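Chains as they are written, first to last, in our numbering: chain P, 13 to 615; chain F, 109 to 244.
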């Protein structure tokens, strides 16, 4: 049997049975009330008795009249019987009795008799004892009445019995109908009872199943690690599981039935409220990593919140909120981010170090390249000079005078001396690099030192004009005198080397704040900005050094030495065609005795 | 017009209480309108309550046997007169009852006022042409 048919029977059958039950019951009640009504017997139905009493009254009147004639009774008794007789006649003519008589076919006879009553009254009134002649007239008047009553009583009896029999038949039939109806009612009742018993059994079974399912659902909700919270349309809490208890620190008993905002402040946050509103409007909402400050906790928890609509058919009856504590995941995420940042920093540091190493490597490579260039130029030239001098000596050995030999030999030696100078300079630089140069700082008069260097330079190159200004006396610097001399020599030599022979060179010593400075300037082609710092690199030679002897180590040495003494050496801005180097040295702490020596310009 | 015999305390002749029309009309007058079993329509009856009469004669019995002029006799439980306002009528439709009709006295039950009185077992207690009461 298919499902719809079964369902139809399940509904239609009991309804039909109930309808049948009601119809049969109504029918039975109707029948019963009919029977109840029919069971009433009216006095008028007792027509036989009325007729018989009338019969007796008429006979008694007849007899009383006879006895009056005989003188046995008085007129009063006769009148009484007359009255009684009249009352009977009146009764027969009254309402229901009259109709009954008519039905029995005696109406006309009653009317006819009524016409005789006045005559009868006259006869009875004047009846005297011994007036026997009147009796036949009286009897003649009464006889038709008596004669009528005999068949009337018969007919009344038959009619009553017929009526009673009919009534009994009807009642019996109706009782049978009622019995059949009651059987029907019983059957319907039985069917209904069975149906209801089955329904009750099914309902119980279904209730048990539902209970089981509900228990299972509750177990599911209760066992969930996620907080499960449900609200109705009025935002009153209807579900609050164990996980929610733990998350928000609110027991279920205090949450159920309360407004969700009153249960925890978390649900009063605007965007959370909006999410719930959205869910109640039928749109799901997901809010990740919502900070939540639980009571008695200083660090926030991070909750993921998902809101969905609860629907009953198409109607939204509330919202369900799934809340999970993502604090640990959030913390782990943050930690890994920090870790990554650290790594990045580390990588950047390493990259910087590597870059620096690369730079150093490049610088070293550059250094060796400059060194090679310098060697190839500067060492070859003196060697070539020596070689050519020796060749001449060998080729013309017999023709050469002693003076010529001396001259050639002198040139060769000069070249060799330069070569040695170069080698020493190179070695100096190497010593500097190796940290083998010692610094013994003491208070030195920088003006004095400058003057000595200028004097020596003047001896070497007497043709060059050096303008020396030692500034105020006693400009004392904290330095190693020997090294400062070397620095000044380098600066002065360069100035001589890279300036036109007829141009003057100026040397100025002056105080510069907490430092003592010595400025050496000369005329020369301007140095392009690219070269300004490169000049201080080892083995670097500027483009104006072409064709001039030198290994590109002087300025490097000079600056290094200055640094070692806490000072500095800079190529400062210069006007027009002036090249100007400034050596600064820390000022001596103690002021030394002013020196009386004052050197003027040296020619 | 009416004789009352039997268990009564107030008598006026040989242990009986005899009443003429005037004496009966001296009793509290009551009017009753009801249908009857032997007439059509609602009829008006004037008379007195049987209860008042019994009280008047100091009746102590439980049964009242009512006898009519034609010797029709019915025993009525005195209880009836307590439960219902049973009338002894001497006037019918405003006119005195005649012997030639159902006079001089007619016991009338308030048939329309009490459904249970519409029963053949009460109908026979409507004694007309009443002439004598025996209290037992």
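Think of the CB as a built atom: it goes at the ideal place given N, C-alpha and C, for glycine as much as any other residue. Remember, it's a predicted structure, so these values are computed and weren't measured experimentally.
Between the C-alpha atoms of residue 125 of chain P and residue 109 of chain F there is a straight-line separation of about 31 angstroms. For the stretch 141–166 of chain F, the set of positions with a beta-carbon nearer than 7 angstroms to some beta-carbon of chain P reads 145, 146, 147 and 148 in chain order. In the three-state DSSP reduction, residue 141 of chain F falls in the strand class (E or B). Per the DSSP secondary-structure output, residue 596 of chain P pairs in a beta bridge with P/529 and P/580. If you check the CB distance, residue 236 of chain P and residue 215 of chain P do not come in under 8 angstroms. One Cα belongs to residue 476 of chain P, the other to residue 508 of chain P, and the distance between them is close to 7 angstroms.
At least one C-beta of chain F is nearer than 8 angstroms to the C-beta of residue 95 of chain P. Contacts with chain P at 8 angstroms (Cβ-Cβ) include residue 177 of chain F. About 10 angstroms separates the Cβ atoms of residue 581 of chain P and residue 529 of chain P, ruling out a contact at the 8 angstroms cut-off.
Any Cβ of chain P closer than 8 angstroms to the Cβ of residue 207 of chain F would place that residue at the interface, and such an atom is present. Going by DSSP, residue 131 of chain F is part of the alpha helix (DSSP H) stretching over 129–134.
At the C-beta level, residue 132 of chain F and residue 174 of chain F stay beyond 8 angstroms of one another. Near chain F, meaning a CB-to-CB distance below 7 angstroms, the residues of the stretch 84–113 of chain P are 92, 95, 96, 98, 99, 102, 103, 106, 107, 108 and 109. At a cut-off of 8 angstroms between beta-carbon atoms, residue 69 of chain P makes contact with chain F.
In the assembly as shown, residue 176 of chain F is a buried residue. Its beta-carbon has 16 or more other beta-carbons within 10 Å. Short of 6 angstroms from the beta carbon of residue 431 of chain P, and not among the five residues preceding or following it, lie these beta carbons of its own chain, in chain order: 394. In the displayed model, residue 236 of chain F falls within a strand according to three-state DSSP.
About 6 angstroms separates the CB atoms of residue 456 of chain P and residue 489 of chain P; that is less than 8 angstroms, so the two are in contact. In terms of Cβ geometry, residue 237 of chain F and residue 211 of chain F form a close pair [threshold 8 angstroms]. The beta carbon of residue 133 of chain F sits no closer than 8 angstroms to any beta carbon of chain P.
Taken in chain order, the unbroken stretches of beta strand (DSSP E) that lie wholly in the stretch 268–345 of chain P and span 3 residues or more are 297–304, 313–324 and 327–337.
For residue 519 of chain P, the uninterrupted beta strand (DSSP E) segment begins and ends at 517–524.
If you check the CB distance, residue 195 of chain F and residue 153 of chain F come in under 8 angstroms. As summarised for the stretch 167–209 of chain F, the continuous alpha helix (DSSP H) elements at least 4 residues long and confined to that stretch are 187–191, given in chain order. In the DSSP assignment, residue 222 of chain F falls outside any alpha helix (DSSP H), carrying neither H nor E.
Between residue 549 of chain P and residue 387 of chain P, the alpha-carbon positions lie close to 16 angstroms from each other.
When C-alpha distances from residue 91 of chain P are compared across P/285, P/69 and P/219, the shortest belongs to P/69.
Between residue 458 of chain P and residue 487 of chain P, the CB-CB gap stays under 8 angstroms. DSSP links residue 110 of chain F through a beta bridge to F/127.
Nearest in C-alpha terms to residue 123 of chain P, of all of P/142, P/101 and P/141, is P/101. By the 16-neighbour rule on beta-carbons within 10 angstroms, residue 224 of chain P is exposed. In this structure residue 276 of chain P is buried. Its beta-carbon is surrounded by 16 or more other beta-carbon atoms within 10 angstroms.
Within the stretch 448–494 of chain P, the runs of beta strand (DSSP E) that reach at least 3 residues and sit entirely inside it are, in chain order, 454–457, 478–481 and 488–491.
With respect to the 8 angstroms criterion, residue 510 of chain P and residue 536 of chain P are classified as neighbours on the basis of their beta carbons.
Following the DSSP letters along the chain, one finds residue 424 of chain P inside the alpha helix (DSSP H) bounded by residues 414–446.
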